[in-house]
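The structure appears right after this line, and notes come after that.
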Amino acid sequence: MTLTAEQALAAARDARADELSVRAANKARAALAHERTALAALAAADARGVSHRDIGREMGLSHVAVGTLITEARQLAPVPEGRAGRSPLHVAMRYAAGEIDRDTLVEALSTWPYVRAGALTDGLHDDAAAQTVPGSFDEVHDALVQGFLDDDAYDVILRRRAEQQ
Numbered sequence: 065m066t067l068t069a070e071q072a073l074a075a076a077r078d079a080r081a082d083e084l085s086v087r088a089a090n091k092a093r094a095a096l097a098h099e100r101t102a103l104a105a106l107a108a109a110d111a112r113g114v115s116h117r118d119i120g121r122e123m124g125l126s127h128v129a130v131g132t133l134i135t136e137a138r139q140l141a142p143v144p145e146g147r148a149g150r151s152p153l154h155v156a157m158r159y160a161a162g163e164i165d166r167d168t169l170v171e172a173l174s175t176w177p178y179v180r181a182g183a184l185t186d187g188l189h190d191d192a193a194a195q196t197v198p199g200s201f202d203e204v205h206d207a208l209v210q211g212f213l214d215d216d217a218y219d220v221i222l223r224r225r226a227e228q229q
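Per our numbering, residue 65 is the first one in the sequence shown, and the count goes up by one each step.
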């Protein structure tokens with residue numbers, strides 16, 4: 065069967081969308097796995113009598129790499145009570161990785177107690193390069209850009225937040 069030009073273009077578009085979705089999911093899984101590795105290294109370091117060298121030997125890492133993991137783990141914010149992740153971006157990564165379902169994502173990001181990001185400077189060409197404020201709705205937008213959630217989920221979250229205000 066020969067495809068029409070429209071069908072061929074639609075198939076190409078769909079294939080690319082599928083590829084980007086898989087890449088985003090893999091990126092999210094890798095980031096979450098790294099967090100868990102860092103937290104496991106921290107837990108081992110907090111156990112009595114366990115050195116960085118011992119941890120490194122078990123993990124197949126140098127003691128210096130273990131120290132780096134432990135430092136990273138200490139910098140992670142705890143997951144707030146009753147929340148699906150430690151931050152809005154973390155929630156979106158968990159969704160992309162398949163750890164939570166869409167309803168959990170939407171509920172979590174619709175009701176998140178966001179911090180205010182502040183106003184961007186009007187008219188400056190570098191507004192898009194402004195730093196994301198941790199805990200702000202900027203993280204949800206970043207998750208959209210990185211492919212951790214789709215346009216439809218983003219729109220639903222925006223609508224739910226608007227209804228609450």
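Heads up, the beta-carbon is just placed ideally off N, CA and C, and yes, glycines get one too.
Whole-number beta carbon distance between residue j and residue i, since they are thought to touch under 8 angstroms
{"i": "residue 151", "j": "residue 160", "result": "Rounded, the Cβ-Cβ distance is 14 angstroms, inconsistent with contact."}
{"i": "residue 200", "j": "residue 180", "result": "7 angstroms"}
{"i": "residue 204", "j": "residue 173", "result": "6 angstroms"}
{"i": "residue 212", "j": "residue 88", "result": "6 angstroms"}
Under 9 angstroms between C-beta atoms of residue i and residue j
{"i": "residue 157", "j": "residue 146", "result": "no"}
{"i": "residue 97", "j": "residue 134", "result": "no"}
{"i": "residue 137", "j": "residue 119", "result": "no"}
{"i": "residue 131", "j": "residue 154", "result": "no"}
{"i": "residue 166", "j": "residue 105", "result": "no"}
Spatial distance of residue i from residue j (CA atoms)
{"i": "residue 171", "j": "residue 221", "result": "8 angstroms"}
{"i": "residue 112", "j": "residue 123", "result": "18 angstroms"}
{"i": "residue 16", "j": "residue 162", "result": "No answer is possible for residue 16: the residues shown for the chain start at 65 and end at 229."}
{"i": "residue 79", "j": "residue 72", "result": "10 angstroms"}
{"i": "residue 207", "j": "residue 144", "result": "19 angstroms"}
{"i": "residue 83", "j": "residue 76", "result": "11 angstroms"}
{"i": "residue 91", "j": "residue 195", "result": "21 angstroms"}
Threshold first: 4 residues or longer. Then list the alpha helix (DSSP H) segments lying entirely within the segment 95 to 176, N to C.
116 to 123, 127 to 139, 152 to 160 and 166 to 174
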